[in-house]
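Chains as they are written, first to last, in the numbering used here: chain P, 1 to 193; chain A, 194 to 386; chain C, 387 to 579.
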Amino acid sequence: MEPNKGLVSALFLFFLLHATMASPTPKPHIKPRSPPHHPCRHLTFYFHDIIFNGKNFKNATAAIVGSPPWSNRTILAGQSHFGNLVVFDDPITLDNNLHSAPVGRAQGFYIYDRKDIFTAWLGFSFVFNSTQHRGSINFAGADPLMNKTRDISVIGGTGDFFMTRGVATLETDAFEGEVYFRLRVDIKLYECW
Amino acid sequence: MEPNKGLVSALFLFFLLHATMASPTPKPHIKPRSPPHHPCRHLTFYFHDIIFNGKNFKNATAAIVGSPPWSNRTILAGQSHFGNLVVFDDPITLDNNLHSAPVGRAQGFYIYDRKDIFTAWLGFSFVFNSTQHRGSINFAGADPLMNKTRDISVIGGTGDFFMTRGVATLETDAFEGEVYFRLRVDIKLYECW
Amino acid sequence: MEPNKGLVSALFLFFLLHATMASPTPKPHIKPRSPPHHPCRHLTFYFHDIIFNGKNFKNATAAIVGSPPWSNRTILAGQSHFGNLVVFDDPITLDNNLHSAPVGRAQGFYIYDRKDIFTAWLGFSFVFNSTQHRGSINFAGADPLMNKTRDISVIGGTGDFFMTRGVATLETDAFEGEVYFRLRVDIKLYECW
């Protein structure tokens, strides 16, 4: 038996059985709770954010550029930083060491969007230009940052990551006062070209 | 003659004639004007935005955090609010009642981007954590808010809305001065996993 | 035979046959370096950005609405404009002439995100409402604007560009001081509905 014929037979049998099961209530919108297959690429990185606080200009990789009326742009606002817009250009590393050789830059913004708990909305890119990766991955989504892990969307990519899509799981790996934090990003891509 | 054969013959004749007409500019890219199939999921929600105006801190769900040089962050700017960046964390309800039990939060930002008419650019998420929905839907797009309805893109999702895509139709359902508005969001998802 | 058992049997047969085909080197993650096919649509436009500088309100199509603590919103900040958030509503033209009849508006924001070189993060839409195009194309991504060309993602669309995806190549076509620039945008869409 040729492989293709076997495949076709199995599929035919599958659909035949499926049709025979004839559930009385039609289910036009099948929605599995878990993704139907494994990621086509799976990457893990860390990135490091040092917020400008009026004294650390040289080391800062991020700055507050928007703030609510009751606050300024040098100190993160009270009320869970609600209304602070932060721009960043953070080094990406393969391990959790800030001083490891960066493999790219995480560039974009986050904006604290809730008065009562810490949560943010993110729009940013991972920009790679190394021997290993060339191109960018674009992300967007809500980051309820008090949760141990939270998922955001991979909305596109360029270069090595042409047109990719998927989900990235964020985890706060370290947090030092209101100046430094480090995120672990677990990227699972389900559309690879 | 069977219908299918007729159809095939007609199509063949059509392409033959088409080929004979030999248009000098080839048209390799067929682009249907309407979506080819029904949504795999169709959801409707309302969300409610109460903008901080200097006096309503407790009830406010949104705040102006960026403004043009000719304005401040307590009052929406003249010139169609051009340049006002607003952050929000708005309750999502199933009906148009602000006091209904919220089923999630709409979190993100809008930014008024035109001097002569009211129009905005939106980046936000619907974040669900109820028995009915768990996960998030991410949106982006232009909102020419003087139009009765306007479409933005569903650019991704997580959890129950893993990797989803589609279009959301916004409609301003209520508008009270410059403090409160309510949007009806009709979400049509065409990629469900 | 119970339905589930039939399903399981069919699936088992399917996987068995699949396993029998047994390619010697497993290739779970096929990742071609170049896109596998031609764009289904290819469009080229120009858009023109005139930044408000305190004196050109009438002509300005863009304004600084966020800035770092060390700067204001009338003049682009030093340090590669790091932290400046700019909102825009720019005319789109078919050629490189600012005074050509616009075919749409480019609306959204860019945010300078790096201290040492000029680079920005973009979120915006092309909004068309002409006889030729109706609908919108949504973009997001990093713009290392000192590079001759750079790619960002097309993350969605509406109307004629329903659910589209692809890549847009940006090229700075003209740059006059810190007030005017013109971008050439080469849009390659790989998902057309």
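Ideal placement from N, C-alpha and C gives every residue a C-beta, glycine not left out.
Interface residues of chain E facing residue i [CB-CB closer than 9 Å]
| i | result |
| --- | --- |
| L278/A | Protein chains in the displayed structure are P, A and C, and chain E is not among them. |
Rounded distance between the beta-carbons of residue j and residue i, thought under 8 Å
| i | j | result |
| --- | --- | --- |
| D529/C | F474/C | Contact doesn't hold; Cβ gap of about 13 Å is too wide. |
| L382/A | T351/A | Actually they do not touch by this definition, with Cβ atoms about 13 Å apart. |
| F431/C | V571/C | 5 Å |
| N265/A | G297/A | Actually they are not in contact, since the Cβ atoms of N265/A and G297/A sit about 32 Å apart, beyond 8 Å. |
| I523/C | I450/C | With a Cβ gap of about 25 Å, I523/C and I450/C do not count as contacting. |
| L569/C | F433/C | 6 Å |
| A255/A | D283/A | 7 Å |
Local Cβ density within 10 Å of residue i, reported as buried at 16 or more and exposed below that
| i | result |
| --- | --- |
| T286/A | buried |
| H81/P | buried |
| K413/C | Residue placement at K413/C is flagged as unreliable, the pLDDT there being 37, under the threshold of 50; the coordinate-derived value follows with that caveat. The residue is exposed, with fewer than 16 neighbouring Cβ atoms inside 10 Å. |
| K251/A | exposed |
| G563/C | exposed |
| A487/C | exposed |
| Q107/P | buried |
| F124/P | buried |
| T131/P | exposed |
| G527/C | buried |
| G271/A | exposed |
| F181/P | buried |
| F175/P | exposed |
Straight-line Cα distance separating residue j from residue i
| i | j | result |
| --- | --- | --- |
| Y496/C | F525/C | 11 Å |
| N470/C | M532/C | 17 Å |
| T362/A | K55/P | 46 Å |
| P39/P | G521/C | 33 Å |
| H519/C | N96/P | 48 Å |
| K534/C | D499/C | 18 Å |
| V565/C | L429/C | 27 Å |
| I597/C | F548/C | For chain C, the structure presents residues 387 to 579; residue 597/C sits outside this window and is missing. |
| R343/A | H423/C | 32 Å |
| D160/P | C385/A | 26 Å |
| L462/C | V472/C | 9 Å |
| L315/A | H99/P | 36 Å |
| R234/A | T74/P | 44 Å |
| V347/A | G542/C | 7 Å |
| D559/C | V127/P | 23 Å |
| E364/A | E171/P | 36 Å |
Per-residue DSSP class, three states only, for residue i
| i | result |
| --- | --- |
| D537/C | strand |
| A106/P | strand |
| R500/C | coil |
| P477/C | strand |
| E176/P | strand |
| A526/C | strand |
| K381/A | strand |
| D49/P | strand |
| F250/A | coil |
| G271/A | coil |
| S511/C | strand |
| P26/P | Below a pLDDT of 50, predicted positions are generally treated as unreliable, and P26/P, at 36, falls in that range; no measurement from the model is reported. |
| T324/A | coil |
| A313/A | strand |
| T169/P | strand |
| H428/C | strand |
| D158/P | The sequence given here places Thr at residue 158/P; Asp does not occur at that position. Looking at T158/P - three-state DSSP - the assignment turns out to be strand. |
| L278/A | strand |
| A294/A | coil |
| L145/P | coil |
| R459/C | coil |
| K224/A | Interpretation of K224/A is limited by its pLDDT of 46, a score under 50 that renders its predicted location unreliable; the figure taken from the coordinates is listed afterwards. If DSSP states are grouped into helix, strand and coil, K224/A belongs with coil. |
| M21/P | Bear in mind that a pLDDT of 39 at M21/P, under 50, signals an unreliable position, so the model cannot answer this. |
Cβ-heavy atom distance, residue i to the ligand NAP, below 7 Å
| i | result |
| --- | --- |
| L85/P | No copy of the ligand NAP appears in this structure; indeed no ligand is present at all. |
Quiz prompt | Given 8 Å, three or more beta-carbon pairs between the region 499-508 of chain C and the region 451-459 of chain C | solution = Fewer than three beta-carbon pairs drawn from the region 499-508 of chain C and the region 451-459 of chain C are found closer than 8 Å, and the two stretches are therefore not classed as touching.
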